[in-house]
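Residue numbers (the working numbering): 50 to 283.
Even glycine gets a Cβ: it sits at the ideal position worked out from N, Cα and C.
Presented below is the structure to which this report refers.
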Ligand SMILES: [Zn+2]
């Protein structure tokens with residue numbers, strides 16, 4: 050995985066998407082996001098994590114790859130049935146997008162969007178590039194497809210088998226701020242994801258940070274920050 054940090058929003062020319070790594074720092078909320086990258090082995094679905102999120106009513110955003118959607122119809126329906134879950138897409142086959150020309154990037158990005166529309170009658174308006182890798186073409190294609198380009202500013206590291214849940218939680222506690230977008234996995238690749246997210250949600254409550262979907266973080270927090278702007282947020 051590629052760690053990308055830096056400015057909150059990178060403004061680009063007309064017709065280009067904005068590359069979004071976080072919401073406004075004045076926002077007393079964070080977005081917990083979960084990638085559904087395709088898997089070669091195993092269920093490809095962290096059922097205990099999803100059950101915990103549902104039980105505790107924790108809003109979450111999922112980025113589904115097309116290959117994952119194709120093999121997880123029941124699970125897609127479960128995710129779509131939860132009103133406090135949001136769905137975006139994550140490429141078709143989890144390709145390294147900058148290695149592809151524009152036509153192939155467009156196909157790779159748009160196929161899961163079309164799948165969600167045709168099979169599940171749902172529009173996925175958020176897009177996260179696999180590995181967080183992109184170039185100008187990726188940003189342009191996402192823009193012309195009307196997709197919001199969502200990265201992250203906090204990495205959980207949850208697919209790393211060497212990372213203990215205690216260490217992961219400590220790192221997250223240190224780095225999380227209002228407006229953060231955190232990346233996890235819900236495809237079963239995170240050995241400790243459920244335990245870490247469960248503990249983290251308690252920590253967030255203590256700090257007065259509410260877990261929200263990405264769209265809520267970006268849109269509804271902007272509204273309140275307009276009324277109470279903090280210096281240095283622009
Ligand atoms: Zn991925």
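Going by C-alpha to C-alpha distance, which of the options sits closest to residue i?
| i | options | result |
| --- | --- | --- |
| residue 218 | 198, 227, 247, 190 | 247 |
| residue 150 | 117, 189, 119 | 189 |
| residue 160 | 175, 138, 148 | 138 |
| residue 175 | 184, 193, 168 | 193 |
| residue 116 | 142, 197, 168 | 142 |
| residue 167 | 119, 148, 185, 88 | 119 |
| residue 257 | 79, 112, 203, 183 | 79 |
| residue 100 | 89, 242, 269, 267 | 242 |
Exposed or buried, what is residue i when buried is set at 16 or more other beta-carbons lying within 10 Å of its beta-carbon?
| i | result |
| --- | --- |
| residue 56 | Residue placement at residue 56 is poorly supported in this model, since its pLDDT is 39, which falls under 50; the coordinates are not used for a value here. |
| residue 125 | buried |
| residue 238 | buried |
| residue 54 | Bear in mind that the predicted position of residue 54 carries a pLDDT of just 42, short of 50, making it unreliable; the figure below should be weighed with that in mind. The residue in question, residue 54, is exposed, as its Cβ has fewer than 16 Cβ neighbours within 10 Å. |
| residue 207 | buried |
| residue 92 | exposed |
| residue 135 | buried |
| residue 144 | buried |
| residue 265 | buried |
Does the beta-carbon distance from residue i to residue j come in below 8 Å?
| i | j | result |
| --- | --- | --- |
| residue 232 | residue 201 | yes |
| residue 178 | residue 146 | yes |
| residue 71 | residue 250 | no |
| residue 235 | residue 83 | yes |
| residue 212 | residue 171 | no |
| residue 74 | residue 227 | yes |
| residue 244 | residue 214 | yes |
Nearest chain C C-beta to residue i closer than 8 Å, yes or no?
| i | result |
| --- | --- |
| residue 229 | The chain inventory of the structure shown lacks chain C, comprising one protein chain alone. |
Measuring straight from C-alpha to C-alpha, what distance separates residue i and residue j?
| i | j | result |
| --- | --- | --- |
| residue 96 | residue 123 | 12 Å |
| residue 140 | residue 195 | 15 Å |
| residue 77 | residue 263 | 13 Å |
| residue 106 | residue 255 | 17 Å |
| residue 240 | residue 86 | 15 Å |
| residue 253 | residue 260 | 8 Å |
| residue 224 | residue 199 | 19 Å |
| residue 133 | residue 158 | 25 Å |
| residue 294 | residue 152 | Summary: the structure shown does not reach residue 294, with the chain confined to residues 50 through 283, and so no result is reported for it. |
| residue 131 | residue 154 | 30 Å |
| residue 68 | residue 197 | 8 Å |
| residue 102 | residue 108 | 7 Å |
| residue 180 | residue 65 | 20 Å |
| residue 169 | residue 127 | 11 Å |
| residue 203 | residue 81 | 10 Å |
| residue 184 | residue 156 | 16 Å |
| residue 186 | residue 98 | 35 Å |
Subject >> Segments assigned alpha helix (DSSP H), at least 4 residues, entirely inside the region 223 to 269 >> reply: Positions of the alpha helix (DSSP H) runs, each at least 4 residues long and wholly inside the region 223 to 269, are given as 242 to 255 in order along the chain.
Original post:
If you scan the region 160 to 234 from start to end, which runs of the alpha helix (DSSP H) of 4 or more residues do you find wholly inside it?
Top reply: Entirely contained in the region 160 to 234, the alpha helix (DSSP H) runs reaching 4 residues are, in chain order, 185 to 193, 214 to 224.
Subject >> In chain order, each beta strand (DSSP E) run of at least 3 residues that lies wholly inside the region 89 to 174 >> reply: 109 to 113, 134 to 138
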